[in-house]
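Student: Okay, so the sequence shown: first residue is 1 according to full-length UniProt numbering, each after it adds one.
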Amino acid sequence: MQLNSDNFHLGEAAEEVGGLIKLLIKGKSVSYEYKLEIASARSLEVIGDAPKLRQILTNLLSNSAKFTEKGIISLTLRKFAEDEKTLTVEFIVQDTGFGIDAVVQDHLFKPFVQAPNSASGRLKGTGLGLTIVKEFAELMGGEVALKSELGRGSTVTCRIPFRKQRVSSASKDGKCRPTPPAHLMRTGTLQPAEAEAWLQEQQDLLVPGTAKTLSDLDRAGKQILIADDNEINRHIALRLISKRGFSVNLVEDGRSALDFLIESSDNEWRRPDLILMDLQMPRMDGYEATQAIRKGAMFDKMPWVRGIPIIAMTASAIPEEEAKCRSSGMNDFILKPLRAESLDKIVVKWLARKPLG
1 MQLNSDNFHL
11 GEAAEEVGGL
21 IKLLIKGKSV
31 SYEYKLEIAS
41 ARSLEVIGDA
51 PKLRQILTNL
61 LSNSAKFTEK
71 GIISLTLRKF
81 AEDEKTLTVE
91 FIVQDTGFGI
101 DAVVQDHLFK
111 PFVQAPNSAS
121 GRLKGTGLGL
131 TIVKEFAELM
141 GGEVALKSEL
151 GRGSTVTCRI
161 PFRKQRVSSA
171 SKDGKCRPTP
181 PAHLMRTGTL
191 QPAEAEAWLQ
201 EQQDLLVPGT
211 AKTLSDLDRA
221 GKQILIADDN
231 EINRHIALRL
241 ISKRGFSVNL
251 VEDGRSALDF
261 LIESSDNEWR
271 RPDLILMDLQ
281 MPRMDGYEAT
291 QAIRKGAMFD
301 KMPWVRGIPI
311 IAMTASAIPE
321 EEAKCRSSGM
331 NDFILKPLRA
341 ESLDKIVVKW
351 LARKPLG
């Protein structure tokens, strides 16, 4: 797996993911706090793999949101070390959730291992999320530590080094980049409106020339199926896609995606015109699900299923991963978390084609 080298602002990346947590904890007796303990805004302009960092924070915060019924969830950015070329940052996610027994903690970083619990299944999926966090953090030269006590909550510290940007970020026309919002420059708490504002911003950000094409697209009755085990990713996709006038159905894994297609056989209006498929999911991953859609015997009498465009949702579309997706039968890629401009491009590209037979 390879790394991207993006110029980006750490605070903005944290804001994008952290703001969405407010939507996940809506209705719970839980507050969300974002704390920035790096004094210089200039220090937050770094070079690194922004999509992987967003996915790390998404997994950590969504775990906290899922397993915290009351109290506080917080994300803290803290400078750990700095030299002339490198800034090492600690991303600390704390919650007052269920907590995890010490005997179980070491096993949670192994693929598909879950914390044992009562039949309620409250901790379902925790292991998969932390495995991806550990894999991405180590790939970026970092490390992850978990501290948790049953019944008292958890703290996950992810320490990652980034290269510093040598000059101030500027757009291609030479103008300086806008100053980040004031709440990123201090320790404070994100307001509920800020999460909604981020989604609204994504709604409004259309690539020049794309908006007209999207508006010309016949969206009436178009169905999009999203398969992703991460609640935040599903929420982003649902909000962005439904605002564009499409009907959306959500499932949590590849097996459920296949079940949905089978159930749709007798309900033509529910048949998906496009599938957004996560790659790593419990029960059945995106690769296996795609292979079943393309070649599985269960769909031999459902020819309409074979030709549905399948788009891989991935944190980093590297060549090896792309080849694996292509060989399984996927058609294209889109980076997570979803952004309006990339979503519009992919939807127009595949839904503007000939209707499925």
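Note that CB positions come from ideal geometry on N, CA and C, so glycine has one too.
Computed from a prediction, not measured in an experiment: that's the story for all the values here.
Which residues share a DSSP beta bridge with residue 227?
Tutor: In the sequence shown, the residue the question calls residue 227 occupies position 227. Paired residue(s): 251 and 277.
Student: Please determine, among 151, 334, 141 and 57, the residue with the shortest C-alpha to C-alpha distance to residue 310.
Tutor: Numbered from 1 along the sequence shown, position 310 holds the residue referred to as residue 310. Residue 310 has its Cα closest to that of 334, out of 151, 334, 141 and 57.
Student: Among 256, 101, 96 and 132, whose alpha-carbon lies nearest the alpha-carbon of residue 54?
Tutor: Translated into the one-based positions of the sequence shown, residue 54 becomes position 54. Answer by Cα proximity: 132.
Student: For a test of the three-state rule: what should DSSP assign to residue 8, helix, strand or coil?
Tutor: For this step, residue 8 is matched to residue 8 along the sequence shown. Here residue 8 sits in strand by DSSP.
Student: Go ahead and label residue 91 buried or exposed: buried means 16 or more other beta carbons lie within 10 angstroms of its beta carbon, across all protein chains shown.
Tutor: Residue numbering aside, residue 91 sits at position 91 when the sequence shown is read from its first letter. Answer is buried; the Cβ neighbour count reaches 16.
Student: Just to confirm, is the Cβ distance from residue 277 to residue 312 under 7 Å?
Tutor: To locate residue 277, count along the sequence shown from 1; it is residue 277. To locate residue 312, count along the sequence shown from 1; it is residue 312. Contact: yes.
Student: Whose CA, out of 302, 101 and 141, lies closest to the CA of residue 266?
Tutor: As a first step, residue 266 must be located in the sequence shown, where it is residue number 266. For residue 266, the nearest C-alpha among the options comes from 302.
Student: Start and end of the alpha helix (DSSP H) containing residue 56?
Tutor: Along the sequence shown, one-based indexing puts residue 56 at 56. It spans 50-67 - the alpha helix (DSSP H) in which residue 56 sits, taken as one unbroken run.
Student: How long is the line joining the alpha carbons of residue 296 and residue 331, rounded to whole angstroms?
Tutor: As a working note, residue 296 is residue 296 in the sequence shown. As a working note, residue 331 is residue 331 in the sequence shown. The straight-line gap from Cα to Cα measures roughly 17 Å.
Student: Cβ atoms of residue 76 and residue 95: under 7 Å apart, would you say?
Tutor: What you label residue 95 is simply residue 95 of the sequence shown in a count that begins at 1. What you label residue 76 is simply residue 76 of the sequence shown in a count that begins at 1. For residue 95 and residue 76, no; Cβs fall outside 7 Å.
Student: Residue 307: buried (16+ other C-beta within 10 angstroms of its C-beta) or exposed?
Tutor: Working through the sequence shown from its first residue, we reach residue 307 at position 307. Answer is exposed; the Cβ neighbour count stays below 16.
Student: Identify, in the order they occur along the chain, each residue of the same chain with its Cβ nearer than 6 Å to the Cβ of residue 146, setting aside the five sequence neighbours on each side.
Tutor: To locate residue 146, count along the sequence shown from 1; it is residue 146. Around residue 146: 105 and 156.
Student: Grab the span of the beta strand (DSSP E) containing residue 36 for me, first residue to last.
Tutor: Taking the sequence shown and counting its residues from 1, the one referred to as residue 36 is at position 36. That run of the beta strand (DSSP E) goes 29-37.
Student: Bridge partners for residue 71 per DSSP, in chain order?
Tutor: Residue 71 sits at position 71 when you count from the first residue of the sequence shown. BP columns for residue 71 point to 30.
Student: Suppose contacts are defined by Cβ-Cβ distances below 7 Å. Is residue 48 in contact with residue 162 by that definition?
Tutor: Numbered from 1 along the sequence shown, position 48 holds the residue referred to as residue 48. Numbered from 1 along the sequence shown, position 162 holds the residue referred to as residue 162. For residue 48 and residue 162, yes; Cβs fall inside 7 Å.
Student: Should residue 298 be labelled buried (16 or more other beta-carbon atoms within 10 Å of its own) or exposed?
Tutor: Stepping through the sequence shown from its first residue, residue 298 is reached at position 298. Exposed.
Student: I think residue 19 touches residue 97, with their Cβ atoms under 8 Å apart; what is that distance to the nearest whole Å?
Tutor: For this step, residue 19 is matched to residue 19 along the sequence shown. For this step, residue 97 is matched to residue 97 along the sequence shown. Going by Cβ atoms, the distance from residue 19 to residue 97 rounds to 20 Å, so no, they are not a contact pair.
Student: Taking Cβ positions, are residue 338 and residue 240 nearer each other than 7 Å?
Tutor: One-based indexing of the sequence shown puts residue 338 at position 338. One-based indexing of the sequence shown puts residue 240 at position 240. Result yes, Cβ atoms of residue 338 and residue 240 sit closer than 7 Å.
Student: Just the C-alpha distance for residue 7 and residue 286, rounded to the nearest angstrom, thanks.
Tutor: As a position in the sequence shown, residue 7 is number 7, starting the count at 1. As a position in the sequence shown, residue 286 is number 286, starting the count at 1. Answer to the nearest angstrom: the Cα atoms are 30 Å apart.
Student: First and last residue of the alpha helix (DSSP H) that includes residue 340?
Tutor: Along the sequence shown, read from residue 1 onward, the residue named residue 340 stands at position 340. Element bounds for residue 340: 340-351.
Student: Using CA coordinates, which residue listed in 38, 70, 46 and 29 is at the minimum distance from residue 5?
Tutor: On the sequence shown, position 5 is the one that residue 5 refers to. Comparing Cα-Cα distances from residue 5 to each of 38, 70, 46 and 29, the minimum goes to 46.
Student: Which partner residues of residue 162 appear in the DSSP bridge assignment?
Tutor: Here the question's residue 162 lines up with position 162 in the sequence shown. Partner(s): 87.
Student: Residue 344: which of 30, 274 and 25 sits nearest, CA to CA?
Tutor: What you label residue 344 is simply residue 344 of the sequence shown in a count that begins at 1. Cα-wise, what sits closest to residue 344 is 274.
Student: Is residue 154 near the ligand COA, going by C-beta to nearest heavy atom under 6 Å?
Tutor: Among the ligands in the structure shown, none appear at all, so the ligand COA cannot be discussed.
Student: Can you tell which of 270, 261, 253 and 268 has the C-alpha that lies nearest to the C-alpha of residue 279?
Tutor: Here residue 279 refers to the residue found at position 279 of the sequence shown. Comparing Cα-Cα distances from residue 279 to each of 270, 261, 253 and 268, the minimum goes to 253.
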